[in-house]
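Notes for the one structure printed next.
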Amino acid sequence: MSFLKINNLSVDYQMRKETVYAAKNINIEVNKGEILGLVGESGSGKSTVGNAIINLIDEPGKVSGGSVILGDLNIHKNSESLVNYRGNKIGLIFQDPQTSLNPILTVGEQLIETIQTHLQLSKEEAKNKSINLLKEVGIKDAEKRFNNYPHQFSGGMRQRVVISLALCCEPELLIADEPTTALDVSIQSQILELIKRLTKERNLAVILITHDMGVIAETTDRVAVMKSGDLVEIGITKEILTNPQKNYTKSLVSSVPPTNKKISRFVIIENENKNDKPNNIKILNRWQKREIKTQDLVQVKNLDKSFDDNFFTENSKNSIMAVNDVSFEIKEGETFGLVGESGSGKSTIAKMIVNLFKPSSGDIYFDKVCITKIKQKSELMKFRKQIQMIFQDPYSSLNGRLKVKDIIAEPIKLHNPLISNSDLNRYIFDLLESVELIQKSADRYPHEFSGGQRQRISIARALATQPRLLVCDEPTSALDVSIQAQILNLLKDLQEQLNLTILFISHDLPVVRQMCDRIGVLKDGKLCEVTNTEDLFLKPQNEYTKELLRLMPKIESIYN
Amino acid sequence: MIKYFFKRLFQSALVMLVVAFVSFSLFNFVGDPINNMVGEETSDEERAELRDTLGLMDPIHVQFTRFVINASKGEFGISYQLRRPVSELIVERLPATIELVVISALIALISGTLLGVYTGINRKGFLSDVILAVSLLGVSLPTFVIGILFIYLFAVILGILPSFGRGEVVDLGFWTTGFLTISGLKAIILPSVTLSLFQMTYIIRLVRAEMMEILQTDYIKFARARGIDEKSIKYKHALKNGLIPVITIAGINIGTLIAFSIITETVFQWPGMGFLFIQAVQFVDIPIMSAYLVFIAFVFVMINFIVDILYYFIDPRIRVKGDVASG
């Protein structure tokens, strides 16, 4: 007899003209003491199912059919008695610990209020219980931390506080919606350990919603795969990951970058995108292809950057050394990876190389010219043309009020004002086709495209000036794995055909392994280790690198 | 904290200095001050002598320093029109304006917040629509039109409220107040409501937008998921967060109310500073104008300073930033 039974659950969104279903006929059972993984890409309805269980679907969505039965309680039948299950039978953890706590109430106030809502305890008893809980989730100095505000905790600690809040009234079911997605690897593994430990100690039933196959492989007992509102497959995690039955699951598993070996291209088994051969790069005939000389294209020497408050502004980044004495070289034609956790200074370095930030001290040489010392704007433009950047968030990095063709035309016209209109149009079409978009895309606006397609537009825009160096700052971390695989394949093809040099910045070690020739590991603004990719993964020298490699979730761990 | 405090204080002082310079320039470079002071029949020698005794021949920076020192003591010279020290005039008129502004600010804040919360929570109700529609009138009609409408309705047709003046006032020595007499209280109703309408609309819309946004945030969703009572979610969790920006706006608004009161005071013949200023403009009474300028700037700067310090206590996030900055 399972503890949680979801029978034929459907969730609809009533739009003006049509009804869209976010989840349809979902059947899932969860037992006590087990962790069920719910995996799927964005828009698959996995969070909808999580929210439906606790009856927290936002307007205009509603549960249109089926039932959720928890023990002997039918959740949607007696929806007026929310207090009967929210908080005391079911606990919910959200993705982002930065936003799930009320910023102006202390952690203690939030805990006490929750406890007193459900349990008949005095304030003093509630306080003692809270402090014990904080200790249980691994917060040191709990008596003092009890009176702290959420922002005084680091990301990982905050997620612990969130977990303690979700568990404070001893629920029997815990729903964790992407609980570690916003966290660094080292914190992620701690939080997952904590969830595993609590599951065992408290005999909880846990639903872990995530898009990360590595997390699924390492944490869950059983897994359910969802795709656009439908349940594709459900079963024992090991069986699903090693021997998937459905095509979708197969493609999902094969898109995950392996952590234990380097592959040349990602296998894409999607029904629609079957032609998996290197694409036809149309801009090649315009490209002034440079011979690759074995030389350093970029040299970074003793780079420092600190963010100081000036008199009239308070800087959100406090005055610490964001980048501290960093030196490395990027050879022409290679992909150089910079990895590190959040706050390690990797994006700051990227912004200094493309000259968006001025370094506090140190120099950057591009093709043997020191670009940090250039004063004249026209001189600098020559280099801006050769260095282009692709940003992390494809939603905010394209101007939503311009058509795609204007977005791409802008850099072309800036560097080549005399280009004729017909030539410009042909060039834009070539660029679009080179990134596997159809010519018609030129007349559309960015919001008409998906995240992956937008990232392709960003790439086309970056290629428009025929750069020699492409700086990619987490280019795929906002994308689903299958899309990520496509974009990474595209970048590899482009690099090969156009002799591009790439600076690839990421926190995702498996991705970096697939993309880069050499890697630099950053920690707190300092470079720990620079070495060839395979050396780094096979015999890391630095302690911190070893730690990172040990902690990264590995999909392969399922084989052991 | 101490660094945060002094930084803010220093910034405020800098702003005051700039305003003082503008006001000083007005005094010295708009027309000839001597011409404004003396009669037609004064001879050139007398003029030159006066110029000398008033220190108008000194270098600019000496004059400016003197202006700042005098201003900090509250001395702005003598009104051309009324032949009395400006500081005396201001002290005399100040209570009327302050009372008007305080009452308007209270009306705007209290009713603005209440209505804002109501419309923010009951987004689709009929009453919300009515409140929003009516409040829109508050911004779209100019203050003087509303003032005249009020006078017409309540003073002329209904005859229940006075149409001008402060009513009977009680002199407390340092302050004259209208709060202690029935006619004084009656007199303040129309002008203060008129003055508050614009700000009230502003606050309603701000609070409403804040409430709506906050009710969508993750921490409200998380609080719901924990089973916290809806009342507590709305009035404790959401409202407290929603009021933070209101404090900033309210601070700036009190300054704006003082500045706006010029029109309201003129419509209702309210014997405050704004009325004084309008009269000064008509007579090119530069000492009063420059004093008024400095005074308004001073009010704005002080209010902003106080709001910044208040913020420090209300929003724990700023507290930490300040602490880090000082350590």
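Protein chains in written order, with the working numbering: chain A, 8 to 567; chain B, 1238 to 1564. Quick reminder that beta carbons are idealized off the backbone N, C-alpha and C, glycines included.
Euclidean distance between Cα positions of residue i and residue j
{"i": "residue 1269(B)", "j": "residue 1509(B)", "result": "28 Å"}
{"i": "residue 300(A)", "j": "residue 342(A)", "result": "15 Å"}
{"i": "residue 1537(B)", "j": "residue 1256(B)", "result": "11 Å"}
{"i": "residue 428(A)", "j": "residue 470(A)", "result": "19 Å"}
{"i": "residue 278(A)", "j": "residue 413(A)", "result": "Bear in mind that the predicted position of residue 278(A) carries a pLDDT of just 47, short of 50, making it unreliable; the figure below should be weighed with that in mind. Each residue's Cα considered, the two are about 32 Å apart."}
{"i": "residue 1512(B)", "j": "residue 1532(B)", "result": "15 Å"}
{"i": "residue 324(A)", "j": "residue 1468(B)", "result": "Model confidence at residue 324(A) stands at a pLDDT of 47, short of 50, so the residue's coordinates are unreliable and nothing is read from them."}
{"i": "residue 194(A)", "j": "residue 559(A)", "result": "10 Å"}
{"i": "residue 172(A)", "j": "residue 1463(B)", "result": "8 Å"}
{"i": "residue 1471(B)", "j": "residue 1477(B)", "result": "9 Å"}
{"i": "residue 1239(B)", "j": "residue 1548(B)", "result": "15 Å"}
{"i": "residue 13(A)", "j": "residue 36(A)", "result": "6 Å"}
{"i": "residue 1388(B)", "j": "residue 1487(B)", "result": "27 Å"}
{"i": "residue 563(A)", "j": "residue 454(A)", "result": "37 Å"}
{"i": "residue 379(A)", "j": "residue 385(A)", "result": "14 Å"}
{"i": "residue 381(A)", "j": "residue 344(A)", "result": "26 Å"}
{"i": "residue 72(A)", "j": "residue 59(A)", "result": "11 Å"}
{"i": "residue 50(A)", "j": "residue 1244(B)", "result": "48 Å"}
{"i": "residue 473(A)", "j": "residue 423(A)", "result": "11 Å"}
{"i": "residue 1500(B)", "j": "residue 370(A)", "result": "60 Å"}
{"i": "residue 1300(B)", "j": "residue 1287(B)", "result": "15 Å"}
{"i": "residue 409(A)", "j": "residue 190(A)", "result": "34 Å"}
{"i": "residue 252(A)", "j": "residue 53(A)", "result": "20 Å"}
Pair within 8 Å by beta-carbon distance, residue i and residue j
{"i": "residue 1396(B)", "j": "residue 1420(B)", "result": "no"}
{"i": "residue 11(A)", "j": "residue 77(A)", "result": "yes"}
{"i": "residue 100(A)", "j": "residue 178(A)", "result": "no"}
{"i": "residue 218(A)", "j": "residue 487(A)", "result": "yes"}
{"i": "residue 1505(B)", "j": "residue 1384(B)", "result": "yes"}
{"i": "residue 529(A)", "j": "residue 351(A)", "result": "yes"}
{"i": "residue 346(A)", "j": "residue 519(A)", "result": "yes"}
{"i": "residue 374(A)", "j": "residue 337(A)", "result": "no"}
{"i": "residue 233(A)", "j": "residue 40(A)", "result": "no"}
{"i": "residue 1413(B)", "j": "residue 1322(B)", "result": "no"}
{"i": "residue 372(A)", "j": "residue 295(A)", "result": "no"}
Same chain, Cβ closer than 8 Å to residue i, neighbours up to 5 away in sequence not counted
{"i": "residue 244(A)", "result": "44, 223, 224, 227, 228, 229, 230, 565"}
{"i": "residue 1357(B)", "result": "1444, 1445, 1446, 1447, 1448, 1449, 1452, 1479"}
{"i": "residue 64(A)", "result": "18, 55, 58, 70"}
{"i": "residue 145(A)", "result": "167, 197, 201"}
{"i": "residue 1543(B)", "result": "1488"}
{"i": "residue 180(A)", "result": "10, 11, 37, 60, 77, 96, 97, 98, 211, 212, 213, 214"}
{"i": "residue 1326(B)", "result": "1316, 1319, 1513, 1525"}
Own chain partners of residue i with C-beta closer than 7 Å, once the 5 adjacent residues on each side are dropped
{"i": "residue 237(A)", "result": "31"}
{"i": "residue 1561(B)", "result": "Bear in mind that a pLDDT of 37 at residue 1561(B), under 50, signals an unreliable position, so the number given afterwards is only what the model happens to contain. If we look at residue 1561(B) and ignore the five residues flanking it on each side, it has no Cβ neighbours."}
{"i": "residue 1481(B)", "result": "1551, 1552"}
{"i": "residue 1496(B)", "result": "1533"}
{"i": "residue 281(A)", "result": "Note that residue 281(A) scores a pLDDT of 47, beneath 50, so its modelled location is shaky; the value from the coordinates is reported in the next line. Hits under 7 Å: none found."}
{"i": "residue 416(A)", "result": "431, 435"}
Own chain, CB closer than 6 Å to residue i, minus 5 neighbours either side, in chain order
{"i": "residue 188(A)", "result": "102"}
{"i": "residue 123(A)", "result": "133"}
{"i": "residue 491(A)", "result": "483"}
{"i": "residue 5(A)", "result": "Since the first residue of chain A shown is 8 and the last is 567, residue 5(A) is not available in this structure."}
{"i": "residue 551(A)", "result": "530, 535"}
{"i": "residue 1252(B)", "result": "1538"}
Contacting positions in the region 137-161 of chain A - beta carbon closer than 8 Å to chain B: Residues are counted here when their Cβ sits less than 8 Å from a Cβ of chain B; for the region 137-161 of chain A these are 156, 158, 159, given in chain order.
Three CB pairs or more closer than 8 Å across the region 440-454 of chain A and the region 473-485 of chain A: Not touching, per the Cβ criterion.
Proximal residues, the region 104-118 of chain A versus chain B, C-beta separation under 9 Å: The residues in question are 105, 106, 107, 108, 109, 110, 111, 112, 113, 117.
The region 97-115 of chain A / the region 160-167 of chain A touching (three or more Cβ pairs under 8 Å): Taking one beta carbon from each stretch, the region 97-115 of chain A and the region 160-167 of chain A have 3 or more pairs nearer than 8 Å; the two touch.
Residues, ordered as in the chain, of the region 378-403 of chain A that lie near chain B by beta-carbon distance below 8 Å: For the region 378-403 of chain A, which is checked against every Cβ of chain B, not one residue is closer than 8 Å.
Touching by the beta-carbon criterion (3+ pairs, under 8 Å), the region 1409-1423 of chain B and the region 1342-1357 of chain B: Contact check between the region 1409-1423 of chain B and the region 1342-1357 of chain B: fewer than three CB pairs, one atom from each, fall below 8 Å, which does not count as touching.
Meets three-Cβ-pair contact criterion under 8 Å: the region 1354-1374 of chain B and the region 1516-1530 of chain B: Because the criterion of three Cβ pairs below 8 Å is not met, the region 1354-1374 of chain B and the region 1516-1530 of chain B do not touch.
Contacting positions in the region 161-190 of chain A - beta carbon closer than 9 Å to chain B: Taking a C-beta cut-off of 9 Å against chain B, the contacting residues of the region 161-190 of chain A are 169, 172, 173, 175, 176, 182, listed in chain order.
Positions along the region 337-362 of chain A whose CB lies within less than 7 Å of some CB in chain B: Against chain B - using a Cβ distance shorter than 7 Å - the region 337-362 of chain A contributes no residues.
Any 3 or more C-beta pairs closer than 8 Å across the region 148-161 of chain A and the region 110-119 of chain A: Flag = yes, the region 148-161 of chain A and the region 110-119 of chain A touch.
Near-chain B residues of the region 65-95 of chain A - C-beta to any C-beta below 9 Å: Against chain B - using a Cβ distance shorter than 9 Å - the residues of the region 65-95 of chain A are 65, 89, 90, 91, 92, 93, 94, 95.
Residues in the region 1361-1386 of chain B having any Cβ partner in chain A nearer than 9 Å: Among the residues of the region 1361-1386 of chain B, none has a Cβ less than 9 Å away from any Cβ of chain A.
Residues of the region 1396-1412 of chain B with Cβ closer than 8 Å to any Cβ of chain A, in chain order: Under the 8 Å Cβ criterion, the region 1396-1412 of chain B contributes no residue.
Contact residues within the region 38-69 of chain A, judged by C-beta distance below 9 Å to chain B: Per Cβ criterion, the list reads 58, 61, 63, 65.
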